[in-house]
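Note sheet for the following structure.
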Amino acid sequence: MAHPPDYRGRFAPSPTGPLHMGSLLAALASYLDARCAGGAWLLRMEDIDPPREMPGAADRILRSLEAHGLCWDESVLFQSTRRDAYEEALRVLEEAGRVFACCCSRATLGPGGSCLGRCKPRAGQPISLRIRLRGDTGFDDQILGLQPPVNTHSDLVLRRKDGLYAYALAVVVDDAWQGINHVVRGSDLLLQTFAQLEIFRELAATAPQYAHLPLVRDTQGTKLSKQTGARAIDDAFAVDNLRSALRLLQQDSADMPASSTGELLDLAVNNWRPRVLSALAEKSLVYP
Ligand SMILES: [Zn+2]
Numbered sequence: 084m085a086h087p088p089d090y091r092g093r094f095a096p097s098p099t100g101p102l103h104m105g106s107l108l109a110a111l112a113s114y115l116d117a118r119c120a121g122g123a124w125l126l127r128m129e130d131i132d133p134p135r136e137m138p139g140a141a142d143r144i145l146r147s148l149e150a151h152g153l154c155w156d157e158s159v160l161f162q163s164t165r166r167d168a169y170e171e172a173l174r175v176l177e178e179a180g181r182v183f184a185c186c187c188s189r190a191t192l193g194p195g196g197s198c199l200g201r202c203k204p205r206a207g208q209p210i211s212l213r214i215r216l217r218g219d220t221g222f223d224d225q226i227l228g229l230q231p232p233v234n235t236h237s238d239l240v241l242r243r244k245d246g247l248y249a250y251a252l253a254v255v256v257d258d259a260w261q262g263i264n265h266v267v268r269g270s271d272l273l274l275q276t277f278a279q280l281e282i283f284r285e286l287a288a289t290a291p292q293y294a295h296l297p298l299v300r301d302t303q304g305t306k307l308s309k310q311t312g313a314r315a316i317d318d319a320f321a322v323d324n325l326r327s328a329l330r331l332l333q334q335d336s337a338d339m340p341a342s343s344t345g346e347l348l349d350l351a352v353n354n355w356r357p358r359v360l361s362a363l364a365e366k367s368l369v370y371p
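In this note's numbering, each residue's number is its place in the sequence shown (first place is 1) plus 83.
Right, dumping it as structure tokens:
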């Protein structure tokens, strides 16, 4: 991949649990892509959903990344400090007429969790704020190739009934604010990307280039995630963990001789070949 010299990438975990192989893989791929381009790699903690967070997880993630030699540039951005910026962005979207109030419950929502404007909130009733999506935005994914516009959600929550800002809004506001121009992340966020691109456009911000990685599944076919109880990676085996992740990413560096995380990462940066993932685009990576 050819990158401009001012590459700015990031890894943005949510502190809902420790790193597992799927999240290590996303961290590693975004790190390698940034370092290979001589760019910056930032870390953002997506701590905007306290009910789902696990006490101590943010620290543990940072320690795990350090143990694996994945050292970030600049200071960590905690999204919990950014509520004013999300509120301001929401105001801009409201002024553009893209936001509406919704009082739907889980049971009354339509397909894909859409409200479709079918509810009529009464005064004083708890509401979420949603964006009306046009479904008119496609993009060229660096791994998956051209993604034509698709209207998968006709609307998406920006601020929840409990007053918490949704991922889709926060991620766009912070990618724009931090000047992130390359995002390498899991394909579970592919459908979100179409909505995020509309939000970037409405906020008059430049969207990053995206590269969506194949998902890591276990031998039963279950996606590795905190929700499905994927086991935490053991920092005591950092070199082995990196080798496993590189093997999943089909990188030749996985089996090159190296005795430390630093040596292995240098080899991995110098031999980074993200294009091999294009051939796997629709498949998943299996981690036992
Ligand atoms: Zn509704």
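For glycine and all other residues, C-beta sits at the position ideal for the given N, C-alpha and C. Since we're looking at a predicted model, the values are computed, not measured.
- Close CB contacts of ARG181 within its chain, under the 7 Å cut and outside five residues either way in sequence, are with ILE214, ARG215, GLU285 (chain order).
- Annotation for VAL352: the continuous alpha helix (DSSP H) segment containing it runs 344-353.
- Within 7 Å of the C-beta of ARG146 there is not a single heavy atom belonging to ligand 1.
- In the structure shown, the three-state DSSP call for TYR250 is helix.
- In chain order, GLU285 place their CB closer than 7 Å to the CB of ALA179, counting only its own chain and leaving out the 5 sequence neighbours on each side.
- Remark: fewer than three beta-carbon pairs, one from each stretch, lie closer than 8 Å, so the region 167-174 and the region 225-234 are not flagged as touching.
- DSSP lists ARG300 as the beta-bridge partner residues of LYS306.
- Under the three-pair Cβ rule at 8 Å, the region 254-270 counts as touching the region 291-303.
- Around the beta carbon of TRP260, a 10 Å sphere encloses fewer than 16 other beta carbons of the protein chains shown; the residue is thus reported as exposed.
- The beta carbons of LEU329 and ALA337 sit about 4 Å from each other, so the pair counts as a contact at 8 Å.
- Between HIS103 and LEU307, the CB-CB gap stays under 8 Å.
- With a cutoff of 7 Å, CYS119 does not count as near ligand 1, since its C-beta is closer than that to no heavy atom of the ligand.
- A direct Cα-Cα distance of roughly 43 Å separates LYS244 from ARG356.
- In this structure, the beta-carbon distance from TRP124 to SER113 falls below 8 Å.
- Assignment of ASP335 by DSSP, reduced to helix, strand and coil, places it in the helix class.
- When DSSP states are grouped into helix, strand and coil, ILE263 belongs to the coil group.
- By the 16-neighbour rule on beta-carbons within 10 angstroms, GLN303 is exposed.
- Counting only runs of 3 or more residues that sit fully inside the region 86-130, the beta strand (DSSP E) segments are 91-94, 123-128, in chain order.
- In this structure, the alpha-carbon of LEU212 lies about 11 Å from that of ARG174.
- Short note on ARG201: C-beta closer than 7 Å to some heavy atom of ligand 1.
- For LEU239, no alpha helix (DSSP H) encloses it; the enclosing beta strand (DSSP E) starts and ends at 238-242.
- Between the alpha carbons of VAL322 and ARG189 lies a distance of about 44 Å.
- Where SER147 is concerned, there is no enclosing beta strand (DSSP E), although the alpha helix (DSSP H) around it starts and stops at 140-150.
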